[in-house]
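Counting from 13, one number per residue, gives the positions in the sequence shown under this note's numbering. We put the beta carbon where it would ideally sit given N, CA and C, even for glycine.
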Amino acid sequence: MVINFGAGPAKLPREVFVEVQKELLNYANTGLSVMEISHRSKDYMTLHDATLQSVRDILNLPDNYKVILLQGGATGMFAGVALNLIGRTGTADYIVTGGWSSKAAKEAAKYGKVNLVLPKVSKYTTIPGQSTWNLDPNASYVYYCDNETADGTEFPFIPETNGVPLVVDMSSNIFSRPFDITKFGVVYAGAQKNFGPAGITVVIVREDLMNHALPITPAILNFKENFAANSEYNTPPTFIIYVVGKVLEWIKRSGGIKAMYENSIKKSKMVYDRIEKSAEFYSCPIDKPYQSRMNVVFRVGGKTGDEALEAEFLKGAQALKMLQLKGHRSVGGIRASLYNAVTLEDTETLVNYMDEFLAKHKK
Ligand SMILES: *Cc1c(COP(=O)(O)O)cnc(C)c1O
Numbered sequence: 013m014v015i016n017f018g019a020g021p022a023k024l025p026r027e028v029f030v031e032v033q034k035e036l037l038n039y040a041n042t043g044l045s046v047m048e049i050s051h052r053s054k055d056y057m058t059l060h061d062a063t064l065q066s067v068r069d070i071l072n073l074p075d076n077y078k079v080i081l082l083q084g085g086a087t088g089m090f091a092g093v094a095l096n097l098i099g100r101t102g103t104a105d106y107i108v109t110g111g112w113s114s115k116a117a118k119e120a121a122k123y124g125k126v127n128l129v130l131p132k133v134s135k136y137t138t139i140p141g142q143s144t145w146n147l148d149p150n151a152s153y154v155y156y157c158d159n160e161t162a163d164g165t166e167f168p169f170i171p172e173t174n175g176v177p178l179v180v181d182m183s184s185n186i187f188s189r190p191f192d193i194t195k196f197g198v199v200y201a202g203a204q205k206n207f208g209p210a211g212i213t214v215v216i217v218r219e220d221l222m223n224h225a226l227p228i229t230p231a232i233l234n235f236k237e238n239f240a241a242n243s244e245y246n247t248p249p250t251f252i253i254y255v256v257g258k259v260l261e262w263i264k265r266s267g268g269i270k271a272m273y274e275n276s277i278k279k280s281k282m283v284y285d286r287i288e289k290s291a292e293f294y295s296c297p298i299d300k301p302y303q304s305r306m307n308v309v310f311r312v313g314g315k316t317g318d319e320a321l322e323a324e325f326l327k328g329a330q331a332l333k334m335l336q337l338k339g340h341r342s343v344g345g346i347r348a349s350l351y352n353a354v355t356l357e358d359t360e361t362l363v364n365y366m367d368e369f370l371a372k373h374k375k
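Given below as structure tokens:
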């Protein structure tokens, strides 16, 4: 069997695929595939509502936080967040710590004034301390990305905004560690990194933040209208939502978010320890406190990486059926993504391979 270390679309639990396969031609004794039943039918609505409820259950959401399912990916939300919120005061604060938050800030600037909280940098390898941040007390919201999937950084803390609503892109680490939802105004995440196939974005909105959409906001991105329509303003991607529901069930029966968190610590520690033990050969460019549990980026053959050696590393991994380990094109090197469905055994296989590769190439 292969091991998928892909950054997204990423590995999903095999059990889920087996269930989907079993039900594919006949969903809940309808005689139809889940793909071809009406999104207004009772059979579909049952799974739709159960999926929304699973999000609430796993994250333990209080009543004043609403869950919406939207399309357009996390990228759609780069516009969606600004369209729904920036009208509050006309400006927003963006904490840019990597490629994804940088894109979000650029998109938001189409709809209002964007204040960059941090000085621009050419490489994202750390998260500057809060005391250096230039926050605007008049901002509509403060935006950040909790885990920068391409760069390999993750916030070890929740930013303090002194009452300004906090908005976070958790696309690559949601459902992998518990967090205090009451610190947030909006939390959103595309499914394809940690909890489903590509095609749906979970958006959690504090109720009082649904009333600030700019008049030009397309209905399809409007939080209030989509919540009022129970995330069926138009035809939702029913098959994707069905699979997401199954992945969330899998998380629940696998020990919930706490177990996902503990595993993520064990898995990432294994790889980072291996890197540290041989700093002259493997190296991670990220400052230790900000190293991601989800996306471990590293170079092979010294600090700046030896591209020929890295190509050989990838080729050898491929031969051992470890797939999609190539780093993001903006960063280079290797990236091992260790999302919820990646097991401790999968990770051990990678670390053993890193040992062998080192032994073979050490001078
Ligand atoms: C993948 C990713 C995105 C973009 O997701 P799309 O579904 O392609 O729009 C945005 N933010 C983060 C943190 C991501 O990992």
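May I have the straight-line CA-CA distance separating residue i from residue j, to the nearest angstrom?
i    : j    : result
M366 : A121 : 43 Å
I80  : S243 : 6 Å
H51  : T144 : 49 Å
A348 : P190 : 22 Å
T359 : K125 : 44 Å
E119 : D181 : 14 Å
K34  : A40  : 11 Å
G92  : I232 : 9 Å
N96  : A271 : 34 Å
S276 : S188 : 7 Å
K264 : N72  : 12 Å
K135 : H224 : 35 Å
L321 : V363 : 17 Å
Assign residue i to buried or exposed, taking buried as 16 or more other Cβ atoms, counted over all protein chains shown, within 10 Å of its Cβ.
i    : result
L36  : exposed
T63  : buried
L337 : buried
E292 : exposed
E166 : buried
Q204 : buried
T229 : buried
T213 : buried
K327 : exposed
S290 : exposed
Q65  : exposed
Please find out if some non-hydrogen atom of ligand 1 comes closer than 8 Å to the beta-carbon of residue i.
i    : result
E160 : yes
Q303 : no
Q330 : no
S281 : Note that residue 281 is Lys in the sequence shown, not Ser. Not under cutoff, so the answer is no.
W112 : yes
Q336 : no
S342 : no
G84  : yes
S2   : Any answer about residue 2 is impossible in this case: the structure gives the chain only from 13 up to 375.
A120 : no
T165 : no
S188 : no
K205 : yes
G8   : Residue 8 is absent from the model: the chain starts at 13 and stops at 375.
T213 : yes
T87  : yes
A210 : yes
S184 : yes
C296 : no
D181 : yes
G99  : no
S20  : It should be pointed out that residue 20 corresponds to Gly in this sequence rather than to Ser. G20: yes, Cβ under 8 Å from ligand 1.
My guess is that residue i and residue j are in contact by the Cβ rule of under 8 Å, so how many angstroms apart are they, rounded?
i    : j    : result
G202 : S183 : 5 Å
F369 : I346 : That belief does not hold up - the Cβ atoms of F369 and I346 are roughly 11 Å apart, past 8 Å.
V217 : K78  : 5 Å
In the region 230-309, which residue ranges form an unbroken alpha helix (DSSP H) of at least 4 residues, counting only runs that do not cross its ends? 235-240, 250-265, 268-289
Jot down the residue ranges of each uninterrupted beta strand (DSSP E) in the region 179-234, minimum 3 residues, whole runs only, in chain order. 198-202, 213-218
Could you tell me which uninterrupted beta strand (DSSP E) segments, each at least 3 residues in length, are contained entirely in the region 13-101, listed from first to last along the chain? 77-82, all fully within the region 13-101.
Ignoring anything shorter than 3 residues or poking outside the region 327-374, list the beta strand (DSSP E) runs there in chain order. 346-349
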